[in-house]
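Colleague: Protein chains in written order, with UniProt numbering: chain W, 1 to 545; chain G, 1 to 606. In this text, a Cβ means the ideal position worked out from N, Cα and C, and glycines have one as well. Predicted model, so just to flag it, every value in this text is computed and none were measured. Here's a structure for you.
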Amino acid sequence: MEFAELIKTPRVDGVVLHRPFLPLVEGTLCLTGHHLILSSRQDNTEELWLLHADIDFIEKRFVGSSGTIIVKCKDLRIIQLDIPGMEECLNIASSIEALSTLDSVSLMYPFFYRPMFEVIEDGWNLFLPEESFKDLESMTDEWRLSEVNRDFSICPSYPPLVVVPKDTDDDTLLKVASFRHGGRFPVLSYYHKKNGMVMMRAGQPLIGPNGRRCKEDEKLINATLRAGKRGYIIDTRATAVAQQAKARGGGFEQEANYPQWRRIHKTIERYSVLQDSLIKLVEACNDQSHSMDRWLSKLEASNWLSHIKEILTTACLAAQCIDREGATVLVHGTEGTDSTLQVTSLAQILLDPSCRTIRGFQALVEREWLQAGHPFQHRCAQSAYSSGKLHGEAPIFLLFLDCTWQILRQFPCSFEFNENFLVLLFEHAYATQFGTFLGNSAAERSATLKLPQKTVSLWSWVNRPQEMEGFVNPLYEPNSLVIWPSVAPQSLQLWEGVFLRWNRSSKCLDEAYEEMVHIIEYNKELQKKVNSLRRQLAQLETEEI
Amino acid sequence: MENIRTPKVEHVRLIDRTNPRRCSVGTLYLSSTHSIFVENTEARRETWVLHSLVSSVERPPVSPSGNPLVIRCKNFQVFQLLIPQEKDCLDVQASLSRLSRPERYGELSCFSFNPNLNKEARDEAWSFIDLRGDYVRMGIPSNLWYITAANSEYRVGMRCLSKVCDTYPSDLYVPKSATPSVIVGSAKFRSRGRFPVLSYYHRDNSASICRSSQPLSGFSARSTEDEQMIQAIMKSNPASEFMYVVDTRPKLNAMANRAAGKGYENEDHYTNIKLQFIGIENIHVMRNSQQKIIDVGQVRSPSMGDFLWGLENSGWLKHIKAVMDAGVFIARAVAEEGISVLVHCSDGWDRTAQACSVASILLDPYYRTLKGFMVLIEKDWVAFGHKFSHRYGHLDSDPKEISPVMDQFLECVWQLMEQFPCAFEFNERFLLQLHTYVYSCQYGNFLANSQKERRDLRIQERTHSVWPHLWKDQAEYSNPLYRADHSQTQGVLRPVTTPYCFKFWKAMYNRLDQASAARQSPADCLSAVREETQQLEEELSTHQEVPRGTVHSPTRQGIHTHRTHNQMAPITQNSPVMPNLFSYAVNGLIQNSMLIDAVQHFRFHI
Numbered sequence: 001m002e003f004a005e006l007i008k009t010p011r012v013d014g015v016v017l018h019r020p021f022l023p024l025v026e027g028t029l030c031l032t033g034h035h036l037i038l039s040s041r042q043d044n045t046e047e048l049w050l051l052h053a054d055i056d057f058i059e060k061r062f063v064g065s066s067g068t069i070i071v072k073c074k075d076l077r078i079i080q081l082d083i084p085g086m087e088e089c090l091n092i093a094s095s096i097e098a099l100s101t102l103d104s105v106s107l108m109y110p111f112f113y114r115p116m117f118e119v120i121e122d123g124w125n126l127f128l129p130e131e132s133f134k135d136l137e138s139m140t141d142e143w144r145l146s147e148v149n150r151d152f153s154i155c156p157s158y159p160p161l162v163v164v165p166k167d168t169d170d171d172t173l174l175k176v177a178s179f180r181h182g183g184r185f186p187v188l189s190y191y192h193k194k195n196g197m198v199m200m201r202a203g204q205p206l207i208g209p210n211g212r213r214c215k216e217d218e219k220l221i222n223a224t225l226r227a228g229k230r231g232y233i234i235d236t237r238a239t240a241v242a243q244q245a246k247a248r249g250g251g252f253e254q255e256a257n258y259p260q261w262r263r264i265h266k267t268i269e270r271y272s273v274l275q276d277s278l279i280k281l282v283e284a285c286n287d288q289s290h291s292m293d294r295w296l297s298k299l300e301a302s303n304w305l306s307h308i309k310e311i312l313t314t315a316c317l318a319a320q321c322i323d324r325e326g327a328t329v330l331v332h333g334t335e336g337t338d339s340t341l342q343v344t345s346l347a348q349i350l351l352d353p354s355c356r357t358i359r360g361f362q363a364l365v366e367r368e369w370l371q372a373g374h375p376f377q378h379r380c381a382q383s384a385y386s387s388g389k390l391h392g393e394a395p396i397f398l399l400f401l402d403c404t405w406q407i408l409r410q411f412p413c414s415f416e417f418n419e420n421f422l423v424l425l426f427e428h429a430y431a432t433q434f435g436t437f438l439g440n441s442a443a444e445r446s447a448t449l450k451l452p453q454k455t456v457s458l459w460s461w462v463n464r465p466q467e468m469e470g471f472v473n474p475l476y477e478p479n480s481l482v483i484w485p486s487v488a489p490q491s492l493q494l495w496e497g498v499f500l501r502w503n504r505s506s507k508c509l510d511e512a513y514e515e516m517v518h519i520i521e522y523n524k525e526l527q528k529k530v531n532s533l534r535r536q537l538a539q540l541e542t543e544e545i
Numbered sequence: 001m002e003n004i005r006t007p008k009v010e011h012v013r014l015i016d017r018t019n020p021r022r023c024s025v026g027t028l029y030l031s032s033t034h035s036i037f038v039e040n041t042e043a044r045r046e047t048w049v050l051h052s053l054v055s056s057v058e059r060p061p062v063s064p065s066g067n068p069l070v071i072r073c074k075n076f077q078v079f080q081l082l083i084p085q086e087k088d089c090l091d092v093q094a095s096l097s098r099l100s101r102p103e104r105y106g107e108l109s110c111f112s113f114n115p116n117l118n119k120e121a122r123d124e125a126w127s128f129i130d131l132r133g134d135y136v137r138m139g140i141p142s143n144l145w146y147i148t149a150a151n152s153e154y155r156v157g158m159r160c161l162s163k164v165c166d167t168y169p170s171d172l173y174v175p176k177s178a179t180p181s182v183i184v185g186s187a188k189f190r191s192r193g194r195f196p197v198l199s200y201y202h203r204d205n206s207a208s209i210c211r212s213s214q215p216l217s218g219f220s221a222r223s224t225e226d227e228q229m230i231q232a233i234m235k236s237n238p239a240s241e242f243m244y245v246v247d248t249r250p251k252l253n254a255m256a257n258r259a260a261g262k263g264y265e266n267e268d269h270y271t272n273i274k275l276q277f278i279g280i281e282n283i284h285v286m287r288n289s290q291q292k293i294i295d296v297g298q299v300r301s302p303s304m305g306d307f308l309w310g311l312e313n314s315g316w317l318k319h320i321k322a323v324m325d326a327g328v329f330i331a332r333a334v335a336e337e338g339i340s341v342l343v344h345c346s347d348g349w350d351r352t353a354q355a356c357s358v359a360s361i362l363l364d365p366y367y368r369t370l371k372g373f374m375v376l377i378e379k380d381w382v383a384f385g386h387k388f389s390h391r392y393g394h395l396d397s398d399p400k401e402i403s404p405v406m407d408q409f410l411e412c413v414w415q416l417m418e419q420f421p422c423a424f425e426f427n428e429r430f431l432l433q434l435h436t437y438v439y440s441c442q443y444g445n446f447l448a449n450s451q452k453e454r455r456d457l458r459i460q461e462r463t464h465s466v467w468p469h470l471w472k473d474q475a476e477y478s479n480p481l482y483r484a485d486h487s488q489t490q491g492v493l494r495p496v497t498t499p500y501c502f503k504f505w506k507a508m509y510n511r512l513d514q515a516s517a518a519r520q521s522p523a524d525c526l527s528a529v530r531e532e533t534q535q536l537e538e539e540l541s542t543h544q545e546v547p548r549g550t551v552h553s554p555t556r557q558g559i560h561t562h563r564t565h566n567q568m569a570p571i572t573q574n575s576p577v578m579p580n581l582f583s584y585a586v587n588g589l590i591q592n593s594m595l596i597d598a599v600q601h602f603r604f605h606i
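Given below as C-alpha cells:
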C-alpha cells in the first residue's frame, strides 16, 4: 500500500493552528505518510510536526465554507486546525483518520525513521537476559536460565530465555506451562539480595470448574520456598472474580494442593475498567467550567486515584512480604501480562535501589514489561479520547508510570530520574519514532518484526548525554534502603504533569525546577573550588615542612 | 493551680495515632500551662501540649487496657492516652477541660510566659512592626491621602456618639477631601461605625483598596456623607471614572440584611460605582465546613472514594476558592484596570480582611517577604479589629463566634505557594507555626478583639510580641527557592483559580500524621544545600583572603554542621521523625510484621 493513496489533499494554505499556551500560527498544512506538518514558512517560527500515530481522535466542525478539525492526541494535547475550504477540510480529516489508524505495524514510522544522531550505545543490546543472569549467578546458585521457550512455542508471550528454579527441568516446565494461562509458567521476577527471598510471576492456574491439579506446578513453586517457611500468592483479582474465572477454565491455587502458600486477593481492575477510568479522568480535567463540587465529584467518579491506590497497595504488600516477612511471593492475575506486571515492577522500585536509577529503571521496563510480554501494541493503540468499540486498549503502563511518580513525589531524593523521564516514557509508549514499544511480545519484536535490525531503540537516543541531561533529578542521593510510600488517599495526588499538562501553564513550576537546579549546581561548583584550594593549601603546608 | 486536680499520673500510655498497637509508656504531668508526657525510657522523650491549644478532651468507653482519653488540639493534632485508673482519667479530663477554657484573659499563657527579655527588649520587640512605616512605603500620606485623628481615642465622632468605632485602630487613612464631618457622617451610616478607610495603595497607578462594613441602607436610607466619602475615594484615583464596591457576601445574604436596616450600596444613590458580589459564605458555614474537613483528615485508612467524597462534601476547597476569587478580582481591578475598590462584608472584619489581604499579597511583592507578611497580618487583621479571641476561642465564650477565618487566609497563601514556588520568602512551616500561635496565646499579638481592647489589657507591658521571635528563626522559615531578583518575586501574581488548582492541605489537616507525611522534602533538602553553599562561600573567601564586607565569620574551618529541620511545633518537643509500622495488608493478614520505615538522610558531603 502506498501512503499517497490515503493522502487526498497533501497541502492546504492559509490554515490556522491553535495550540495550548502558544500564539496562533497561520501557515501551510502538509500531510506526509507519517506526519501532519504545519509551517508558517517564515524564518524563526516554530513548526508543528505531529505523528499521525499520536492522533487519538478527530472532530470536524463546519462554519460556512470553512472547516475546523479538532485533533486530540494520545499525549492528551488538543489542537485545532482552521482550514479554508470544505472539501480540503474533509479530505484532510479522512486522510488523518486513515493514516492514524494503520493496521500494519510495519508501516509505522519507526520503520522509516533514520536517526539524525550517531548511535553510540545501541539500546537493543543494553539489557540482555544473559547479562542480568550473570548478576543473579553471583548472588545465588539456586536458579538457572532455561531455553525451553527459545522458539516461543511453549509460551508465545515469554522471551526465549527465562529464569527458573535450578532443579526444575524443561520437561517439567512444559507440563506446568500447560497448566498456566497463556503458557505463562512461574518464572523469577526479582531476587532480593538482602535476604535471598524471591518474587515470581505467572498466569493464573487453569484449575477449571473441576478443580484440575498439576503436581509439577506445585513442585515448581515449592522449590522456591525455604525449609519450613510459607510463601505468599498475591492474586491481583478480588476473590469473587477469581472464583468466576474457574468457570472459564481458570482459577486460583487451592489451599489443599498448596498448603505451604497463603493466598491474598487484591482488587486491581481489569483493563476495560481502567480504560474507562482514564477516559473519565481526562474528560474531567479538560472541562474548565466545572465548579469545585463538580470537579471533585468527577475526579472521584473517574476512580483513577482509587486504581492508583490499589495498585500501589498491592505492590507495597508484595514488597512487605519479601522484605519484612522474609517470604517468597508469587504474583498473578488472569493473563499475568497486566496487573501482575504493575505489581512486580513497582515492588522492585520499592525494594531495589538500582531500579531507581535511570539505567536501572530502563532495565526494569525492558525486563518486567517488554520481555515479560505486556501487549503494548494492543494496550496503547488508543488513549483517553478513544471512543466506540475498544480492542483491549488500556492505560496499564500509564498507571505504572503514575504510581512511580507518586513514589518519586514522596521520595524526591531517592530517584536518579525526574518526572520528565516518566512523561517521556508515557509519550513514547503511545506514539514514537523508536521501535522499543512496538509489538506485543518478545516474539513479535524479534522474530516477526525484527525491530532490533529495522528500528532504532528509544534507549539509544535517550542515553546520549545531551538528552539525558534533561532527565536527571538534581536532588538525587543514592539511597540503599527499601522505601515505603504512604498509600493514604491524602498522600496520593493527581499527576498534573500528565493530566493537567495542556490545561494550565507550568511556567512557574518550571522556573522553580530551574532554580533548584541552579542552587545545586552552584553548590557543586563551590565544592570543587574549595576542594582544590584545600589541596593547594595542604600541599603548601607539606612543602613548608 | 486550683484547677489541677491531679498534677501527675503514672503508667500512662501515649498511643501512636497511625498504629494503635504501638504506644509508649510514661508519666503525665499537668502544669498550669502545659500537659507534659514524659516517656519512661532512657531518652525520656517529652511531649508538651499547651492547654490553650486544646480544643476538646473526650473520654471514649473504657477498654480492657485502660481508660482512654482523646485530646484534640486547635491545630488539628490529636493525642490518645490510656490511663490505668478511672479516677485519674476523670481528674485529668476535668482539669484539662477547665484549663483549656480560661474564663479571663489573665489566665492565658501569654501573661505567664516569660522569655527572659528586659523591659527595653520587650518594648523594642513590640515596635518591630511599624504600620505607619508601611503606609510610608506605599507613599502615604500624600497629596491625596492623609492620616486622620478622628479615631485617635477609638471613638469616631465622639461628640455625637460614644464608642462608634472602637474596633478600628487609632491610625486611619482617608482621602484628603474627606472632611471630619464626612467621616463622622459616614461612620454613622456604617455597621459599628466602620467607615471606608485605606487598606492598600498601589503606587504604580494610584488605585487603592479601601475597606469598611456594610452601609445601614436598609430599603431606602441614604447618607450624603457616606456618598461623599465614596466619591472622595474614587477621586483620589485621578485617572479613574468609577470604582468597584466589592461586597464579599453572597447576594442573597446581602439582600437579607436590608430587612435589618443594613445591606449594600444602592447604585442609584452612589454615582459611578459598580457593585460586585463575590459569595464568600458566613462564619457559621465556614465553621461547619472546617469541621468536616478535619474529620476527613482524621478518618483512619479511608478509601480514595471516602476521601474525595468527604473533601467534596465538606465544601472546604470551594470556600477557599471563593476567598481566592475575591482577592483575584480586587487585584485585577487595581493592577490591570487601575480602578480603586471598596471592600466590605457585614461587619468588615472577617471576609473583608481575607479579601483585602489576599489581594494585597497578589499585588505587592513586599507582602510575600517574611517581614512584609508580618506587616500585612498586623495591618489587615490585628489593627483592623479582626476578632481573634472570639474567632479562635481564646476564652470560654460563645461557640458560635468561633470560625476559621484566618485559617482560610493562610490556606489561600499556601495554595498560592503551590502555584508560585519561588514567589514567597517564607515557607509552609511558617504558615503552620503562625496558625498555631494564632490559637495558642503564647504571645500577646493575637489576643482580644481590637486594638482598643489590647490597649486596655496593657498587652504591650504584660505580654510579648511573636514577630521578633519568628524573625529570629527565619532560617527555619525561609523558602530556599526565593530569590529577591526572581521574576516570580516581582510584580503582580495572577493565579489560576480553576477548581483543579486547589489541593487538600495535607500538612495542615494531617499534621504530624506520619503515615502520610512527606518522606523527603525537596525544600528542606535545598535549604541544607543553600546553607552549605553559604559556608562554602565563606570558606572560599578566607582561602582566597579577599576581604569581603559581607562575610562575618571568616574563621570557620571545616563544614560539618548539618542542621536538622524537624522543629515543627514547639508544643511537641519530640516531633516524631521516625515513621513507624503500617501494614498494607487487608484484614490484618500480616500481623507480626514490624515495619520500621526507611528514614531518609540527606547528606551533602564535601
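With distances taken Cα to Cα, identify the nearest neighbour of glycine 228 of chain W among W:Lys298, W:Arg263, W:Thr328, W:Leu370.
Modeller: Indexing the first sequence from 1 puts residue 228 of chain W at position 228. When only C-alpha atoms are compared, the closest one is W:Thr328.
Colleague: Is serine 297 of chain W close to chain G? Criterion is C-beta to C-beta, closer than 8 Å.
Modeller: Looking up residue 297 of chain W in the first sequence gives position 297. Yes, serine 297 of chain W counts as interfacial toward chain G.
Colleague: Buried or exposed for isoleucine 396 of chain W, please, with buried defined as at least 16 other CB atoms from any protein chain shown within 10 angstroms of its CB.
Modeller: Within the first sequence, numbered from 1, the residue matching residue 396 of chain W stands at position 396. Buried, because 16 or more other Cβ atoms sit within 10 Å of the Cβ of isoleucine 396 of chain W.
Colleague: Output the distance between the C-alpha atoms of glutamine 214 of chain G and leucine 390 of chain W, rounded to the nearest integer angstrom.
Modeller: In the second sequence, the residue the question calls residue 214 of chain G occupies position 214. In the first sequence, the residue the question calls residue 390 of chain W occupies position 390. About 59 Å.
Colleague: Could you pull the start and end residues of the beta strand (DSSP E) that lysine 246 of chain W belongs to?
Modeller: On the first sequence, position 246 is the one that residue 246 of chain W refers to. Run containing lysine 246 of chain W: none in the beta strand (DSSP E); it sits in the alpha helix (DSSP H), 239-247.
Colleague: Quick one: what's got a C-beta closer than 7 Å to leucine 431 of chain G's C-beta in the same chain, skipping five residues either side?
Modeller: If you number the second sequence from 1, residue 431 of chain G lands on position 431. Closer than 7 Å at Cβ, skipping near neighbours: Leu410, Val413, Trp414.
Colleague: Tell me whether leucine 526 of chain G counts as near the ligand NAP, meaning its Cβ is closer than 7 Å to at least one heavy atom of that ligand.
Modeller: This structure lacks the ligand NAP; in fact it carries no ligand of any kind.
Colleague: Consult DSSP for glutamate 425 of chain G and reduce its assignment to one of helix, strand or coil.
Modeller: Taking the second sequence and counting its residues from 1, one reaches residue 425 of chain G at position 425. Residue state, collapsed to three classes: coil.
Colleague: Any chance the segment 260-268 of chain W sits against the segment 221-240 of chain W, with 3 or more Cβ pairs inside 8 Å?
Modeller: yes
Colleague: Please go through the same chain and pick out, in chain order, the residues whose beta-carbon is closer than 8 Å to the beta-carbon of valine 323 of chain G, but skip the five residues on each side of it.
Modeller: As a working note, residue 323 of chain G is residue 323 in the second sequence. Excluding positions up to five away in sequence, the list reads Ile280, Arg351, Gln354, Ala355, Val358, Gln408, Phe409, Cys412.
Colleague: DSSP three-state label for residue 678 of chain G, please.
Modeller: Lying outside 1 to 606, the shown extent of chain G, residue 678 of chain G is not represented and no answer is given.
Colleague: Within 8 Å (strictly less), CB to CB, does isoleucine 15 of chain G reach chain W?
Modeller: Your numbering for residue 15 of chain G matches position 15 in the second sequence. No - not a single Cβ of chain W is within 8 Å of the one on isoleucine 15 of chain G.
Colleague: Could you compute how far the alpha carbon of lysine 309 of chain W sits from the alpha carbon of phenylalanine 400 of chain W?
Modeller: For the purposes of this step, residue 309 of chain W is taken as the residue at position 309 of the first sequence. For the purposes of this step, residue 400 of chain W is taken as the residue at position 400 of the first sequence. Cα to Cα, lysine 309 of chain W sits roughly 11 Å from phenylalanine 400 of chain W.
Colleague: Just the Cα atoms here: how many angstroms apart are histidine 51 of chain G and glutamine 276 of chain G?
Modeller: As a first step, residue 51 of chain G must be located in the second sequence, where it is residue number 51. As a first step, residue 276 of chain G must be located in the second sequence, where it is residue number 276. The alpha-carbon atoms of histidine 51 of chain G and glutamine 276 of chain G are separated by roughly 43 Å.
Colleague: Going by DSSP, which residues form a beta bridge with tryptophan 48 of chain G?
Modeller: Within the second sequence, numbered from 1, the residue matching residue 48 of chain G stands at position 48. Note: tryptophan 48 of chain G sits in a beta bridge opposite G:Ile36.
Colleague: Buried or exposed for threonine 564 of chain G, please, with buried defined as at least 16 other CB atoms from any protein chain shown within 10 angstroms of its CB.
Modeller: Translated into the one-based positions of the second sequence, residue 564 of chain G becomes position 564. Bear in mind that a pLDDT of 35 at threonine 564 of chain G, under 50, signals an unreliable position, so the number given afterwards is only what the model happens to contain. Under this definition threonine 564 of chain G is an exposed residue.
Colleague: Could you give the uninterrupted runs of the alpha helix (DSSP H) lying entirely in the segment 149-233 of chain W, keeping only those of 4 residues or more?
Modeller: 170-177, 215-222
Colleague: Taking just the CA atoms, how far does glycine 497 of chain W sit from glutamate 335 of chain W?
Modeller: In the first sequence, counting from the first residue as 1, residue 335 of chain W sits at position 335. In the first sequence, counting from the first residue as 1, residue 497 of chain W sits at position 497. Cα to Cα, glutamate 335 of chain W sits roughly 31 Å from glycine 497 of chain W.
Colleague: Do the segment 298-307 of chain G and the segment 487-503 of chain W make contact, defined as three or more Cβ pairs closer than 8 Å?
Modeller: yes
Colleague: Hey, how far is the Cα of tryptophan 502 of chain W from the Cα of methionine 197 of chain W?
Modeller: Residue mapping note: residue 502 of chain W aligns to position 502 of the first sequence, counting from 1. Residue mapping note: residue 197 of chain W aligns to position 197 of the first sequence, counting from 1. Cα to Cα, the separation comes out at about 44 Å.
Colleague: Isoleucine 293 of chain G to lysine 321 of chain G, Cα distance in whole Å?
Modeller: On the second sequence, residue 293 of chain G is found 293 positions in, with the first residue counted as 1. On the second sequence, residue 321 of chain G is found 321 positions in, with the first residue counted as 1. Roughly 15 Å separates the two Cα atoms.
Colleague: Determine, for aspartate 293 of chain W, whether the minimum Cβ-Cβ distance to residues of chain G falls below 8 Å.
Modeller: For the purposes of this step, residue 293 of chain W is taken as the residue at position 293 of the first sequence. Taking Cβ atoms only, chain G reaches closer than 8 Å to aspartate 293 of chain W, which makes this a yes.
Colleague: Taking only runs of the alpha helix (DSSP H) that begin and end inside the segment 256-341 of chain W, which ones reach a length of at least 4 residues, in chain order?
Modeller: 271-286, 292-302, 304-323
Colleague: Kindly list the residues whose CB is nearer than 6 Å to the CB of isoleucine 279 of chain W, restricted to its own chain and excluding five residues on each side of it in sequence; keep chain order.
Modeller: As a position in the first sequence, residue 279 of chain W is number 279, starting the count at 1. Answer for isoleucine 279 of chain W: Ala384, listed in chain order.
Colleague: Determine the chain W residues that contact tryptophan 309 of chain G at a beta-carbon separation under 7 Å, and present them in chain order.
Modeller: What you label residue 309 of chain G is simply residue 309 of the second sequence in a count that begins at 1. Result: Glu300.
Colleague: So, with DSSP's three-state summary, where would you put methionine 243 of chain G?
Modeller: Counting from one through the second sequence, the residue named residue 243 of chain G turns up at place 243. Methionine 243 of chain G falls in the strand class under three-state DSSP.
Colleague: What are the boundary residues of the alpha helix (DSSP H) that proline 129 of chain W is part of?
Modeller: By 1-based counting over the first sequence, the position of residue 129 of chain W is 129. Start and end: 129-139.
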